[in-house]
């Protein structure tokens, strides 16, 4: 398993931007697919974005397409989520995940809170 630590959450006004980071513990980070998920109060956890091991393939939830960008730096064992044009409905705890493929998530971070005020 991979230990994951998210950072970069906070409070931002609608229309603003934040960049989340997720640092992984293992040197085999580059062999893992990485993903971002979020969970709002009273709702189930939902997929936000994913990226394959090389960074050459990404996927996004329809609700964030065109506003969020996932990227990774395998030399730094870190995956990022750049969030632009934030909306109040983006408010949630954001979780980083790692897995052998983009459909199997075996490790999760502790989450970071993102709050978007209107």
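In our numbering, the protein residues as written are 689 to 806.
Ideal placement from N, C-alpha and C gives every residue a C-beta, glycine not left out.
Linking residue 774 to residue 701 through their CA atoms gives a straight-line distance of about 8 Å. In terms of Cβ geometry, residue 752 and residue 782 do not form a close pair [threshold 9 Å]. The alpha-carbon separation between residue 777 and residue 703 amounts to approximately 12 Å. DSSP places residue 719 within a helical segment (H, G or I) once states are collapsed to three. Here residue 796 really is in contact with residue 692; their C-beta atoms are around 7 Å apart, less than 8 Å.
Residue 760 sits close to residue 768, with the two beta carbons spaced by under 9 Å.
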